[in-house]
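Read the structure below first, then the notes.
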Amino acid sequence: NAAGNAATVVPGRNFPTQWTASNDAWRFVPAGPQNFTVSWFEVGNPNPISTSLTTQVCPQVSTNYFAQVTYTNCDNSTVTVRDTASIAVTAPVMQLNPTLVNPSCPGSSDGAITLAPTGGAAPYTYVWSPNVGNGPAITNLSAGTYTIMLTDNNNCMVVDSFILTDPPAIVISTSMTQPTCFGLMNGSATASGSGGTPPFTYLWQPGNIAGPTASNLGAATYTVFVTDSAGCIDSAMVTVTQPTALNATASSTLVTCFGGANGTATVTPSGGTINYTYSWNTSPVQTTATATNLSAGSYTVTVSDANLCTTTVTIVVSQSPPVLVQTALAQNVSCNGANDGSAVATVTGNTGPVTYSWNTVPVQTSDSAIGLPPGTWTVTVTDSLGCTGSASISIMEPSPLSITFDQIQNVSCFGANDGCVGITVSGGHGNYSYLWSTNATADSICNLAPGTYAVTVTDTFFPPNSQIIYFEDFDGLHNWTLNVSTGTNGADNNFWVVNDNEGGVPPPGCGTAANGDSTLHITSVANPNGGAAYDAGGLCGTLFCPETNMRAESPIISTVGRNNLSISFDFIGNGAALLDNASLVMNDGTGWQTIAPSLKSNVCVNFQGEWQAFNLALPASANNNPNLQVGINWTNNDDGMGTDPSIAINNIQIATLL
């Protein structure tokens, strides 16, 4: 049959044995897949609403539907048939009646949807997508699309979607004003709100500053919080930048000649805000990047940028060393009234070759001047840069030779020869020799007959047959190293000094203070910046001198190519019986050694010290030596009792015999 549940066969064929093949006819019910498809349509809608044999529909009003079945024959041809079904709706149409509440602020989750369904057949079931609830009201919603599938008791269904939207977002526009100078706190930041629900309030952090503009700000990042009238809050960050730090470097050029004023100083600014202005502490004030016509010294320039930010830089303008001229006496005038004196000049600190000009007539232009009469002679030295230096020296002459006949004894009797005559000589150089007209050679002669007798007196002049290698009189710049401590008591920067508190005088001469001739001497403990009181007893102030082994050292002296060296100098102490002493020392490159272990001087009136001239041969290790040094070493017995003497040195000269 059509239902496939019954078949009619030839009687006896199916029982009790199996069917047999015969010319009988029978019917088979197919057991394979169905050979048809089903599509349901709502009349007027070309799109199928279902492909099931049975479908459920929930129209709001009476509606016609039709089913379309397409069969596929064994030859793959198809047959399509249709049938119509009508659904009559008798219940009221279901209505959702929604109420929507949008989120109060962008990004918040306080929105809500509430349904008040009518129609259909209560009760209703609610299926929300996304799954945010199962009742008529859903809450705590953010902006988005929400779909409801409402089913009544008849399984009729209504599906609808609702869209919740955020209010307009708060839009914050910001700007900032830099501090005028690096590190200042006069910048500002400004915010302006739009969108949202005006009006707006503003709060800046850090600083807890209210208002759209925050002032007096330094360079940093600030956050502004903007709140609208709905209570919505948004924030923005503002970075207040600052100009780069105003910096400056400076350079200088050398003053060509010592004491000149042709140096320059140049400042190079960077950072800040161009353009720059300049102010140098010169007189008058110079206002360019380069200050000119400067003497040696320290100068400060203030650089200002376009925002009046300032920085200062100090630069030292140096100068060439002075052309230091020292004169040494080569030879005083040999005899009173003669003009055979000579002097030699030595130069240090010069640049390149030098020229000499002596104030002689005619001008002499070598380092030595000869044929000089007594007087003061000045040499001016000019180096290759045009820098000059000068020094003077006094050429002395001996006093005239004077002969006094003070021992005359006439002949006692006529015809006798027992007369005598003697003389006293002064002036000149001393070491007199005598030649009488009788050829006698003593300062007195006897056994003379009556007559006239003549005497010729000659002094002894020893012209210095030497060449000066080094000379220091401490009257100008010197490069001695003072106050080298070699003992246990440490250094005293005020112990050895150079000034005229103990002035130099030619030996033999008594101690004299403040005569303008500087010397190297030991200071007073009671007056560290003053001189020892040689002309008041030579006391080391009013206290004993506590120092031990303090040395003053010369610069390096080259004696290359020189032999047979001697050293001469003037020395003063306060007496010959010293418990403490000064010694002459020398360093030949292998270490310091003592040449004269205890320098003494005579005593003038009132216990004053007397200047003494020393002339000593230097050891052979000083010959041909590129690194020779000499020095004066003070040794204090440090007994802490009584008063200890002081000493002074002047006119140190190293020479070689020719």
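Residue numbers (our numbering): 2 to 659. Glycine residues also receive a C-beta, built at the ideal position from the N, C-alpha and C atoms.
Considered as a whole, the stretch 275-347 harbours 278-281, 291-295, 298-305, 311-318, 325-332 as its complete beta strand (DSSP E) runs of no fewer than 3 residues, in chain order. Using a Cβ-Cβ distance cut-off of 8 Å, the stretch 317-333 and the stretch 469-483 are in contact, since at least three pairs of beta carbons, one from each stretch, lie closer than that value.
PRO322 and SER486 have their C-alpha atoms spaced approximately 28 Å apart. Exposure of ASP111 is indicated by the presence of fewer than 16 other C-beta atoms within 10 angstroms of its C-beta. Here GLY45 is exposed: its Cβ has fewer than 16 other Cβ atoms, across all protein chains shown, within 10 Å. When SER319, VAL382, THR366, GLN332 are compared, the shortest CA-CA separation from THR349 is found for VAL382. Its chain contains VAL39 as the residues whose beta carbon lies nearer than 7 Å to that of LEU54, once the 5 sequence neighbours on both sides are disregarded; these appear in chain order. VAL456 is not a Cβ neighbour of ILE409, given a cutoff of 9 Å. Counting of Cβ neighbours within 10 angstroms places PRO118 among the buried residues, the total reaching 16 or more. In the displayed model, ALA621 falls within a helix according to three-state DSSP.
Beta-bridge pairing by DSSP links PHE572 to GLN613, ILE650.
If one requires a minimum length of 4 residues, no alpha helix (DSSP H) run lies completely within the stretch 356-382. TYR435: member of the beta strand (DSSP E) spanning 434-437, first to last residue.
The beta carbon of ALA597 sits closer than 8 Å to the beta carbons of SER584, LEU585, PHE615, LEU617 from its chain, once the five residues preceding and following it are set aside; these are given in chain order.
Boundaries of the beta strand (DSSP E) around MET587: 582-588. A straight line joining the alpha-carbon of THR178 with that of GLN243 spans about 9 Å. Residue state for PHE496 is assigned as coil, using DSSP reduced to three classes. In the three-state reduction of the DSSP assignment, PHE406 falls in the strand class.
In this structure, the CA atom of VAL227 is about 7 Å from the CA atom of GLY194. A check of alpha carbon separations from GLY477 across PRO99, THR288, GLY390 identifies GLY390 as the nearest. In the displayed model, ARG563 falls within coil according to three-state DSSP, outside both helix and strand.
With fewer than 16 other Cβ atoms inside 10 Å of its own Cβ, ARG83 counts as exposed. Each residue's CA atom was taken as its position, placing VAL160 and GLY120 some 14 Å apart. In terms of CA proximity to ASN98, PHE163 leads the group THR379, THR439, ILE88, PHE163. Per DSSP, the beta bridge partners of LEU116 are PRO99. The beta-carbon distance between SER343 and LEU373, rounded to whole angstroms, is 6 Å. This is short enough to meet the 8 Å contact definition. Note that the C-beta distance between SER299 and VAL268 is not below 9 Å. Here the alpha carbon of GLY504 sits roughly 21 Å from the alpha carbon of MET551. Contact check between the stretch 254-261 and the stretch 269-284: fewer than three CB pairs, one atom from each, fall below 8 Å, which does not count as touching. The C-beta of TYR203 has 16 or more other C-beta atoms within 10 Å across all chains shown, which makes the residue buried. For the pair GLN613 and SER622, the Cα-to-Cα distance works out to about 26 Å. In the displayed model, ASP384 falls within coil according to three-state DSSP, outside both helix and strand.
Counting only residues of its own chain and dropping the five nearest sequence neighbours on each side, SER438 has a CB closer than 6 Å to the CB of TYR454, ALA455. Under the DSSP definition of a beta bridge, ASP84 partners with ALA68. Pairing THR520 with ASN651 gives a Cβ-Cβ distance under 9 Å. Per the DSSP secondary-structure output, PHE163 pairs in a beta bridge with TYR147.
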